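Plus 1 on top of the position in the sequence shown (first one is 1) and you've got our numbering.
C-beta: ideal position from N, C-alpha, C; glycine also.
Everything numeric in this text was worked out from a predicted model, so none of it was measured.
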Amino acid sequence: LASYQTTIGLSSSAVRNAAIKHVTIIGGGQMGAGIAQVAATTGHSVVLVDTNEEILKKSAKGIEGSLKRVVKKKFADKPDAGAEFIAKVMANVSISTDAASVVGSTDLVLEAIVEDLKIKQGLFGALDKVAPAHTIFASNTSSLPITDIASSTSRLDRFGGLHFFNPVPMMKLVEVIGTSATSQDTFDSLLAFSKALGKTPVSCKDTPGFIVNRLLVPYMMEAIRLHERGHGSKEDIDIAMKLGAGYPMGPFELLDYVGLDTAKFIMDGWVEKDPDNPLMQPSEMLNKLVAEGKFGKKTGEGFYKYK
């Protein structure tokens, strides 16, 4: 019995500190597919899950298209090596419409679905019952508290946040979020996984917007207020921030790129949680544009018009 217990003790600690090799990504949209591409490229075994088979086929095609662009740069004079590279990466990716059936052998379940707390809780609550004990759960949410999402599971110590940035293959940053219940082992595994993907992780607490959006969203909102007060045109504010602060896009260009509906959704959630915070007050101009269906680039018009 003693030796049996010793073996169990050893194996469980070995499992606990094992590197994340097998990843299940829930959500075949732009973020999910981007994370899947990066994970597969760095030798991880990836299952991309979505409820819709058509979305998954489109995601796989998108990953292959993105890899072809990589090959054009990296293997310009070696077409055979390029083709081999694409085949090798794609061999690491499989697709499924049934999350519960594929999480049995996974080290990490990473969710990149709609920003709806109830839907996220439902997903993780169901997967918590079928995923192995060692499996870490993580959300790619940009605005919802990780603690609230994790509350639907019994693995609070093995739950964290991995917030990637769009487009994932290009953007170097990952915000790694720990809740008050996230174990050090889990947090270390998420940091190590981010590094294994070739990304630069930063450690964040589970506070609204983590680091980037906590600074970025109030900045964008203040730009709108500045314009609302008549203290600067959209064009001048954008030029000022690009040339004066070295930003690749001005705040109005960025809002149109992110989506005005997304910005409003984040802001509304924050206002609800912290109604007295002056940084988190809504904007009439933003609300009006969203009400008119002008969400930015994706609808052809936001603060600017797009052909």
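| query | result |
| --- | --- |
| Ordered along the chain, which non-local residues of its own chain (more than five positions away) have a Cβ less than 7 Å from that of glycine 301? | Tyr307 |
| Got a sec? Which residues, its chain only, sit under 8 Å from glutamine 122 by beta carbon, not counting five neighbours each side? | Asp149, Ile150, Ser152 and Ser153 |
| By alpha-carbon positions, which one of Arg159, Arg156, Phe194 and Gly199 ends up nearest to methionine 172? | Gly199 |
| Looking at chain E, is there any beta carbon in it that lies within less than 8 Å of the beta carbon of alanine 224? | In the structure shown, chain E does not exist; there is a single protein chain. |
| Where do the ends of the alpha helix (DSSP H) carrying serine 190 lie? | 185–197 |
| Are three or more beta carbon pairs between the segment 78–94 and the segment 112–122 nearer than 8 Å? | no |
| Quick test of your reading: glycine 260 and lysine 206, contact by CB under 8 Å. State the CB separation rounded to the nearest angstrom. | With 8 Å as the limit, glycine 260 and lysine 206 do not qualify as a contact, their Cβ atoms being about 26 Å apart. |
| Could you tell me the alpha carbon to alpha carbon distance between isoleucine 9 and threonine 263, rounded to whole angstroms? | In this prediction, isoleucine 9 scores a pLDDT of 44, lower than 50, which makes its location untrustworthy; no coordinate-derived value is stated. |
| Would you call asparagine 278 buried or exposed, if buried means 16 or more other Cβ atoms sit within 10 Å of its Cβ? | exposed |
| Quick check on the burial criterion: 16 or more other C-beta atoms within 10 angstroms. Buried or exposed for leucine 290? | buried |
| So, helix, strand or coil for valine 115, using DSSP? | coil |
| Fully enclosed by the segment 196–255, which alpha helix (DSSP H) runs are 4 residues long or longer? | 213–229 and 235–246 |
| Can you give the Cα-Cα distance for asparagine 93 and valine 104, rounded to whole angstroms? | 16 Å |
| So, for threonine 52: in the same chain, excluding its five sequence neighbours on each side, which residues have a beta-carbon less than 7 Å away from its beta-carbon? | Thr98 |
| For the segment 124–141 against the segment 153–166, are there 3 or more C-beta pairs whose distance is under 8 Å? | yes |
| Scan the segment 111–171 and note each continuous alpha helix (DSSP H) run of 4 residues or more that stays entirely inside, going in chain order. | 118–129 and 147–151 |
| Quick check on the burial criterion: 16 or more other C-beta atoms within 10 angstroms. Buried or exposed for valine 131? | exposed |
| On a CA-only basis, which of Ser284, Phe253 and Leu280 is nearest lysine 265? Give me that one, please. | Ser284 |
| To the nearest angstrom, how far is the alpha carbon of serine 60 from that of glycine 30? | 7 Å |
| What does a CB cutoff of less than 7 Å around proline 146 pick up in its chain, not counting 5 residues either side in sequence? | Asp207 |
| Which runs of the beta strand (DSSP E) fall wholly inside the segment 54–119 and span at least 3 residues, in chain order? | 94–97 and 109–112 |
| Assuming histidine 228 contacts isoleucine 238 under a Cβ cut-off of 8 Å, what Cβ separation, rounded to an integer in Å, is found between them? | 6 Å |
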